[in-house]
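Enquirer: The structure follows.
Okay, structure coming up:
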């Protein structure tokens, strides 16, 4: 008896601890329940790296974490999934397009000197670039003015034949019906990559940056991105500028294989190069572009390219709706189960309802302890594990009833009921856990969440049905007033002579 | 252990499953055939061309769900064709050098008397999805941003999800049968696996027919429900087998068929009660739960009901037949 009371005290202590835990550390809700965006990013092999390994994934994650901090979204989480994927959760974020853009680019910054003897070609490309850029800028300004209902600035037209000629010269062909601005975009990106081909290999890269900032241009509405190099980077920059100072060769700033800025270096830097360890990129950026570039450069370039493979965005009211309806539904179902248990199994049925309530409490406490982020499939796993826990109790009580019908005494029936039901309960739970292991090891996101909650539920269910229910019944049986078979089984089902 | 012997020395089963075994076999056989037919028709249907209609999770693409902010009392009527026409005229911004997809002939569903729309598109970038939402708001009036949900699954990820789901299903089947083969014997493991296949097949069959008739698609939650059904099915079967094994010595004088009758009779109440208590929360989710868990709950409810049936009517009745050989 003392042992049973020991169990009883332990269960009571656990219940109080679980309640306190839940009170202090509320459950984490998944994005499908509270609204927000979730992005799955896949790391792609590139260059010498044929398959992505754990270290490389971690390296990518580190860079992305710095960029996410730069974005300033509260409570964002970034987790690695499997061999080559990362899942980013942005709670409350309704528009993941900026995050996708900032995170998805490699942001490899290079400083490269122009190859000697390419001045002629560079001149014509730069002229074309300026032309296209000014038309695009005008278009952008007109669109902005139109949305602000201001009178639009005059439109600069690039003549259709000029455009066609420039396209032809670069060997571009576009399908008929492509809009003019699409054609211009294509032209600009081709010009930028042609320019890159005229540069020497990079001697200085974004690795040597200490920080990046931005400032508004003194003339014009654009923004510049400012850079500070470490000592080594400052030396490299000085050497690089010295090598081309006073020549007609240019210094190119290349981001992800596209030339974003070209600068000439004056003859006054012939002796020592540009020293001081800082520079700025005048790349005709809008305020937002300059901010994003700053974030990317501060975070460093990605060691491997990544691709956004999955985006899920849920509005907050849909999330609230999901919570409310799922809660109401599961609670009403469970209330019916409680009524059923109490009616069918009488006293032990009521005990089981108490034990199952404790079980639900323990379950939630474990969720907040691990912590498990509760999503819709997670709730489904929780409800199903309650089903399994009820099953364990049903198995035991059916056995107890059987023993009573066979004419055994009450206490003896309870003991045999528990011990005979044990092997079925264990087998059922073990097979369930095997499924969970397979789901967890091989499944993805949603499936994993389900497997975790179901597995926790199954382990706890083994504990509660074999200890909680049992010791509660044993404690009750120590009161003679309750030790009556009528509380377990209708009299009609008892064998003659066994009534008490 | 003396008490367990005393309960089983005088077995007089109220219910003899062996009397109904022909009927049980016919019902299960026909249900399996009907399910196979559904899967086959889905496979032959040129619009589906796979045994079950794959949803966004497996095909990849973008699904946009929007809610309109309408003045009382009701939303103005809109048709799917209206939205399709509007979308066909949209030019999307290009993404990372790839030409944007054309939006002609997109699948549009109008729900809740025109209050919300579900649109299925090729995989779009977040910027492109925003462009689509802007275009729709032009066509159907103001939208409620809090009720918008956008899901994009890249085509390679879709294939990965499908592969992952299938592999985890097969691996868990194999591991479960290995466990039963070790704990019981090979024949029990075979029968448990047969039952499991029966339950999963019929659940899939129902969804194949739903796909054919009502266009219902299966997603990764469906794969989850299949694995859960498998777990339940095995648990149910094991409870009966556990009872058969337990009384093997005490009932050794009886033929196997009668031993099975006694075991099924003894576990019948438990099987029915357990299915009932599991079905209650599921029925709650089906009738009162949100739309996101509706088909998941339906799949589970069907699977658990079928699983309960097969653990009573199929596995135990086949045991005497197969063990004679």
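Chains as they are written, first to last, in the numbering used here: chain F, 400 to 899; chain W, 184 to 508. C-beta: ideal position from N, C-alpha, C; glycine also. The structure presented is a predicted model; accordingly, all values stated were derived computationally and were not measured.
Mind listing the chain W neighbours of residue 457(F)? Cutoff is C-beta to C-beta under 8 Å, in chain order.
Expert: The contacting residues do not exist; residue 457(F) stays about 21 Å from chain W at best.
Enquirer: What residue does the beta strand (DSSP E) around residue 512(F) start on, and which one ends it?
Expert: Here the beta strand (DSSP E) through residue 512(F) covers 508–512.
Enquirer: Under 7 Å, Cβ to Cβ, is there at least one residue of chain W near residue 607(F)?
Expert: So no, residue 607(F) is outside the interface.
Enquirer: Assign residue 439(F) to one of two classes, buried (16 or more other C-beta atoms within 10 Å of its C-beta) or exposed (fewer than that).
Expert: The residue is buried, with at least 16 neighbouring Cβ atoms inside 10 Å.
Enquirer: Report the three-state DSSP secondary structure of residue 436(F) (helix, strand or coil).
Expert: It is a strand residue.
Enquirer: Flag this pair as yes or no: are the beta carbons of residue 633(F) and residue 672(F) separated by less than 7 Å?
Expert: Going by C-beta atoms, residue 633(F) is not nearer than 7 Å to residue 672(F).
Enquirer: Using only alpha-carbon positions, find the residue among 407(F), 526(F), 433(F) that is nearest to residue 720(F).
Expert: Measuring from the Cα of residue 720(F), the nearest candidate turns out to be 433(F).
Enquirer: With DSSP as the reference, label residue 415(W) as helix, strand or coil.
Expert: The answer is helix: DSSP assigns residue 415(W) an H, G or I state.
Enquirer: Please report the distance separating the alpha-carbon of residue 420(F) from that of residue 767(F).
Expert: One C-alpha to the other measures close to 8 Å.
Enquirer: Quick one: does residue 653(F) have its CB under 7 Å from some CB of chain W?
Expert: For residue 653(F), the answer is no, since every Cβ of chain W falls outside 7 Å of its Cβ.
Enquirer: Determine the contact status of residue 513(F) and residue 648(F), defining contact as a CB-CB distance below 7 Å.
Expert: Yes, the pair counts as a contact, with Cβ atoms nearer than the cut-off.
Enquirer: Would you mind telling me which residues of chain W sit closer than 7 Å to residue 779(F), beta carbon to beta carbon, in chain order?
Expert: Within chain W, the residues near residue 779(F) are 476, 479.
Enquirer: Here's the rule: buried if 16 or more other CB atoms are within 10 angstroms of the residue's CB, otherwise exposed. What is residue 434(W)?
Expert: Buried, since its Cβ has 16 or more Cβ neighbours within 10 Å.
Enquirer: Quick one: using the 10 Å Cβ neighbour count with 16 as the cut-off for buried, is residue 381(W) buried or exposed?
Expert: Residue 381(W) should be labelled buried.
Enquirer: Using a Cβ cut-off of 8 Å, pull out every chain F residue sitting near residue 425(W), in sequence order please.
Expert: Result: 822, 823, 826.
Enquirer: Counting along the chain, where does the beta strand (DSSP E) carrying residue 657(F) start and finish?
Expert: Its beta strand (DSSP E) spans residues 657–663.
Enquirer: Apart from the five residues on each side of it in sequence, which residues of its chain come closer than 8 Å, Cβ to Cβ, to residue 452(F)?
Expert: Within the same chain, residue 452(F) has close Cβ partners 482.
Enquirer: Between residue 234(W) and residue 405(W), what straight-line distance do the alpha-carbon atoms span, to the nearest angstrom?
Expert: If you take the alpha carbons of residue 234(W) and residue 405(W), they lie about 14 Å apart.
Enquirer: Decide if residue 209(W) is buried, meaning its Cβ has at least 16 other Cβ atoms within 10 Å, or exposed.
Expert: So residue 209(W) ends up on the exposed side.
Enquirer: In its own chain, which residues sit with a C-beta less than 6 Å from the C-beta of residue 202(W), not counting the 5 before and 5 after it?
Expert: Nothing meets the Cβ criterion.
Enquirer: Please identify, using Cβ separations under 8 Å, the residues of the stretch 360–381 of chain W that lie next to chain F, in order along the chain.
Expert: Residues 362, 363, 366.
Enquirer: For the beta strand (DSSP E) that residue 244(W) lies in, which residues bound it at each end?
Expert: Residues 244–250.
Enquirer: On the DSSP letters alone, give me the boundaries of the beta strand (DSSP E) that residue 489(F) sits inside.
Expert: That run of the beta strand (DSSP E) goes 484–490.
Enquirer: If you run the structure through DSSP and keep just helix, strand and coil, what is residue 614(F)?
Expert: DSSP places residue 614(F) in strand when its eight states are reduced to three.
Enquirer: Which of helix, strand or coil does DSSP assign to residue 349(W)?
Expert: Three-state result, residue 349(W): helix.
Enquirer: Just the C-alpha distance for residue 599(F) and residue 511(F), rounded to the nearest angstrom, thanks.
Expert: Cα-Cα distance, rounded: 6 Å.
Enquirer: What would DSSP say about residue 493(F), mapped onto helix, strand or coil?
Expert: Correct three-state label for residue 493(F): coil.
Enquirer: Cutting at 6 Å between CB atoms, please list the residues of its own chain near residue 391(W), excluding the five before and the five after it.
Expert: 221, 222, 225, 235.
Enquirer: Which residues in the same chain have their Cβ closer than 6 Å to the Cβ of residue 273(W), if we skip the five residues on either side of it in sequence?
Expert: Closer than 6 Å at the Cβ level, and outside the excluded window around residue 273(W), lie 286, 318.
Enquirer: So which of 465(W), 455(W), 424(W) has the shortest CA-CA distance to residue 445(W)?
Expert: When each option's Cα is compared against that of residue 445(W), the closest is 424(W).
Enquirer: With burial defined as no fewer than 16 other Cβ atoms inside 10 Å of the residue's Cβ, what is the status of residue 394(F): buried or exposed?
Expert: Here chain F covers residues 400 to 899 and nothing more, so residue 394(F) does not appear.
Enquirer: What residues are listed by DSSP as bridge partners for residue 290(W)?
Expert: Beta-bridge pairing links residue 290(W) to 303(W).
Enquirer: Pull up the distance between the alpha-carbon of residue 495(F) and that of residue 517(F), whole angstroms please.
Expert: Going from the Cα of residue 495(F) to the Cα of residue 517(F) covers about 42 Å.
Enquirer: Considering just the uninterrupted stretch of the beta strand (DSSP E) at residue 625(F), what are its terminal residues?
Expert: Looking at the DSSP string, the run of the beta strand (DSSP E) that includes residue 625(F) is 622–628.
Enquirer: If you follow the alpha helix (DSSP H) that residue 799(F) is part of, which residue opens it and which one closes it?
Expert: Run containing residue 799(F): 775–804, per the alpha helix (DSSP H) assignment.
Enquirer: Leaving out the 5 sequence neighbours to the left and right, which residues in its chain are closer than 7 Å to residue 607(F) when beta-carbon positions are compared?
Expert: Once the five neighbours on either side are set aside, the close Cβ partners of residue 607(F) are 628, 629, 631, 632, 635.
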